[in-house]
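Using the UniProt record's numbering, read the sequence shown as starting at 1 and increasing by one per residue.
Notes for the one structure printed next.
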Amino acid sequence: MELALGRERKKVVVIGGGVAGSLLAKSLQFLADFTLIDEKEYFEIPWASLRAMVEPSFAERSVINHRDYLTNGQIIASRAINVSDTEVLTATGRLIPYDYLVIATGHADRVPKTKTERLSEFQEENQKIRSANSILIVGGGPTGVELAGEIAVDYPDKKVTLVHTGSRLLEFIGPKAASKTLNWLKSRRVEVILEQSVSLNNISDGSKTYQTSEGGTFEADCHFLCTGKRLGSAWLKETVLENSMDVNGRLMVDENLRVKGRKNIFAIGDITNIPEIKQGYLAQKQALVAAKNLKLLLAGGKESKLATYEPHSVMALVSLGRKHGVAQFPLTTISGRIPGLIKSKDLFVGKTRKQLGLEPHPVHD
Ligand SMILES: Cc1cc2nc3c(=O)[nH]c(=O)nc-3n(C[C@H](O)[C@H](O)[C@H](O)COP(=O)(O)OP(=O)(O)OC[C@H]3O[C@@H](n4cnc5c(N)ncnc54)[C@H](O)[C@@H]3O)c2cc1C
């Protein structure tokens, strides 16, 4: 039996190696018998993926093998499909016991398992952009808007059309930010079509005619679907945590970030029902609070000493190409070069790498 400071080493399992799970894993790896379960072998900085589509080499820094920052724990590259009071079951049939569990499965996406495959996917997407004269983007949330911005700036000769079902862009932040974004996109000759959807039922790779819900048709050489990712909680519906989810499929947590009614299961990041905007910098703040609480519990500390997490007010930054952006602060909205300076050049990639204990700009031989 392995011993740490005279105590049996507790088993800590984290499910989901995204923004929150990776940071928590890095903080706790040496303090427990630690396991990270993620469906892929790498952590990908989500907001850097649109830049990687126009500049594939960008992904070499923003797609990070879990092993690069998690030097001490066990890594299982498989989907979690069930959880009991004591164990997690993976899609590959492994049962992983835990004393403490952290669920950080934010959003599930269909992405390849290895970094190499993911990097070639970015090359293919880039090729698709390069070889098209006209590009359709479906979805006017942050992903669609940021992709439109990246293409409009890096490939100004392409005709970009963005179709969105809502009455305005970026519905997760305020209307002022949306109208500033719309004006910026128009100034870059992006055509924005609101309150319409595109039928993708009969679309194959070669077809170029798209139909809108209003019955109109238009031509584009290719399309990108940016309609948002599924919440990564569907797999919890038939587990011991089924009653711990709210109507939106989010895990209900208490002020210490433990799943309601559970003493040894934490949840962090986009999957929680914390009443605040779902953003990575907040997922990271939650990861640090949960890590602190786990450290306390692992050291045999008192429950009354657990740290609490307070929801934050709205703050978000949307990049518009390499130099501009739109920022939503609690009391105001700004657009232009200042938010661009904060986010758009490096997209917080160096910062996120540093938080994981990695070189912001690794030097290759
Ligand atoms: C275009 C865009 C721009 C953004 N810009 C910003 C920004 O500028 N600043 C900011 O703070 N936030 C930004 N965000 C939001 C931010 O990306 C999310 O809030 C953040 O990723 C949430 O982190 P998370 O750890 O909860 O979930 P994720 O980062 O979604 O991680 C979830 C992880 O769990 C894994 N997983 C899912 N299901 C399972 C399963 N069953 N078994 C095993 N593994 C599983 C996934 O593969 C993934 O690795 C942006 C998002 C988008 C889409």
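In this text, a Cβ means the ideal position worked out from N, Cα and C, and glycines have one as well.
The structure presented is a predicted model; accordingly, all values stated were derived computationally and were not measured.
Rounded separation between residue i and residue j - CA only
i: Tyr-309; j: Ser-131; result: 48 Å
i: Glu-44; j: Gln-127; result: 21 Å
i: Val-190; j: Leu-182; result: 9 Å
i: Val-14; j: Thr-71; result: 15 Å
i: Leu-23; j: Ser-213; result: 42 Å
i: Asn-273; j: Gln-284; result: 15 Å
i: Lys-26; j: Ile-64; result: 13 Å
i: Ile-129; j: Gln-29; result: 40 Å
i: Lys-354; j: Asp-38; result: 21 Å
i: Phe-122; j: Trp-47; result: 14 Å
i: Leu-225; j: Leu-194; result: 15 Å
i: Ser-233; j: Asn-201; result: 26 Å
i: Gly-321; j: Glu-303; result: 47 Å
i: Lys-343; j: Gly-325; result: 8 Å
i: His-66; j: Gly-357; result: 12 Å
i: His-361; j: Ile-277; result: 30 Å
i: Thr-165; j: Leu-101; result: 38 Å
i: Gly-261; j: Phe-172; result: 30 Å
i: Gln-259; j: Glu-8; result: According to the sequence displayed, residue 259 carries Val and not Gln. The alpha-carbon atoms of Val-259 and Glu-8 are separated by roughly 25 Å.
i: Ile-76; j: Asp-68; result: 14 Å
Where residue i falls, given that 16 or more other Cβ within 10 Å makes a residue buried
i: Asp-270; result: buried
i: Glu-238; result: exposed
i: Ala-223; result: Checking the sequence shown, residue 223 turns out to be His, not Ala. Its Cβ being crowded by 16 or more others within 10 Å, His-223 is buried.
i: Thr-116; result: exposed
i: Gly-215; result: exposed
i: Leu-36; result: buried
i: Ile-265; result: buried
CB contact below 8 Å: residue i versus chain B
i: Lys-180; result: The structure shown contains no chain B; it holds only a single protein chain.
Nonlocal neighbours in the same chain, by C-beta distance under 8 Å from residue i, ignoring five residues either side
i: Pro-175; result: Arg-168
i: Thr-86; result: Pro-97, Tyr-98
i: Thr-114; result: Lys-40, Glu-41, Tyr-42
Beta-carbon contacts of residue i that lie in its chain and below 6 Å, excluding the five residues immediately before and after
i: Lys-229; result: His-107, Asp-109
i: Lys-10; result: Ala-32, Asp-99, Leu-298
i: Glu-125; result: Met-53
i: Asp-154; result: Val-54
i: residue 372; result: Here the chain comprises residues numbered 1 to 365, so residue 372 is not present and cannot be evaluated.
i: Ala-267; result: Ile-103, Leu-251, Val-253, Val-259
Rounded distance between the beta-carbons of residue j and residue i, thought under 8 Å
i: Leu-296; j: Leu-306; result: 6 Å
i: Thr-90; j: Ala-80; result: 6 Å
i: Ser-62; j: Val-349; result: 5 Å
i: Leu-241; j: Val-83; result: 6 Å
Residue ranges of each beta strand (DSSP E) run of no fewer than 3 residues wholly in the stretch 83-168, ordered along the chain? 87-90, 95-97, 100-103, 134-138, 159-164
Suppose only complete runs of 3+ residues qualify. What are the beta strand (DSSP E) ranges in the stretch 18-77, listed by chain order? 33-38, 42-44, 63-65, 74-77
Could you tell me which whole beta strand (DSSP E) segments of length 3 or greater appear in the stretch 248-320? The beta strand (DSSP E) runs lying completely inside the stretch 248-320 and spanning 3 residues or more are 265-267, 316-320, given in chain order.
Start-end ranges of the beta strand (DSSP E) lying completely within the stretch 192-224, minimum 3 residues: With a minimum length of 3 residues, the continuous beta strand (DSSP E) runs that stay inside the stretch 192-224 are 209-212, 217-219.
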